[in-house]
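End of the sequence shown = 202 in this note's numbering, gap-free, step of one. This report refers to the structure that appears directly beneath it.
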Amino acid sequence: MNIDDLANPSVKIVFIGDSGVGKSSIICQYDKGEVPKDILPTIGAAYLSKIYSKNDIEIELRMWDTAGQETYQSLAPIYFLHSKIGFVVFDITQRSTFENITKWVSQLREFAGSDVIIVIVANKLDLEEKRQVKKEEYTKLASDLNTLVAETSAVNGDGVTNMVNQAMDALISSNNDMKYELSLRKKKNEQRGLGDRQMCC
2 MNIDDLANPS
12 VKIVFIGDSG
22 VGKSSIICQY
32 DKGEVPKDIL
42 PTIGAAYLSK
52 IYSKNDIEIE
62 LRMWDTAGQE
72 TYQSLAPIYF
82 LHSKIGFVVF
92 DITQRSTFEN
102 ITKWVSQLRE
112 FAGSDVIIVI
122 VANKLDLEEK
132 RQVKKEEYTK
142 LASDLNTLVA
152 ETSAVNGDGV
162 TNMVNQAMDA
172 LISSNNDMKY
182 ELSLRKKKNE
192 QRGLGDRQMC
202 C
């Protein structure tokens, strides 16, 4: 994370996984609160900047949406470099996308570094009746690979914000400089609020 300048911190985030698992839809849902009906497959990679606020600190989330098609998979590692968070997305209705998670996690750690925060994302919970992967399977895989796990529905937004919050909390907890700065600002805000209340008495 670019936290040397804590006044304007930023985090590079990469979304990876097979084609059609809903990476672009998750990003659209997080950004706009909806998913376009005519969303097209990502060609190469797409970029989005979004502000994340916590304890009076605004953190720029630099989100990279990578293509999952086999034609573009060789380009994906280029976008893994310097990533601090990686969301490895699979489709619970397509078992083959789950079976490729280990490959994606391995590539991400190889190019982003061993300290990258990884979240395995089980997407398309709205299609429960078509589920091919049990929850127990991906929670166990997450434990085996030492990653976090999240469940989402890009269509209705379930779990999307929690997915990002979970990853950011883990990143902040693993970074002493950021954790200290957030704690310091939280205390200042609390003191400011206490002073305001005392003035009103």
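Even for Gly, the Cβ is constructed at its ideal location relative to N, Cα and C.
In this structure, Trp65 and Tyr48 form a Cβ contact; the two beta carbons are roughly 6 Å apart against a cut-off of 8 Å.
At least 7 Å separates the beta-carbon of Gln30 from that of Val22. Contact annotation, Val134 with Ile93: C-beta distance approximately 5 Å; criterion of less than 8 Å satisfied. For Asp32, the enclosing alpha helix (DSSP H) starts and ends at 24-33. For Phe91, same chain residues with a beta-carbon under 8 Å away, outside a window of 5 residues either side, are Gly18, Asp19, Val22, Thr98, Phe99, Asn101, Ile102, Ile121, Val122, Ala123, Asn124, Val134, Tyr139 in chain order. Residue environment: Leu82 is assigned as exposed (fewer than 16 neighbouring CB atoms within 10 Å of its CB, all protein chains considered).
With 16 or more other Cβ atoms from the protein chains shown falling within 10 Å of its own Cβ, Ile27 counts as buried. Runs of the beta strand (DSSP E) lying entirely within the stretch 136-176 and spanning at least 3 residues, in chain order: 149-152.
Spanning the alpha carbons of Thr153 and Lys104 requires a straight line of approximately 21 Å. According to DSSP, residue pairing for Asp92 in a beta bridge involves Asn124.
In this structure, the beta-carbon distance from Ala168 to Ile86 falls below 7 Å. Rounded to whole angstroms, Gln108 and Val165 show a C-alpha spacing of 21 Å. By the 16-neighbour rule on beta-carbons within 10 angstroms, Asn176 is buried. Under the three-state reduction of DSSP, Arg132 is assigned to coil, being neither helix nor strand.
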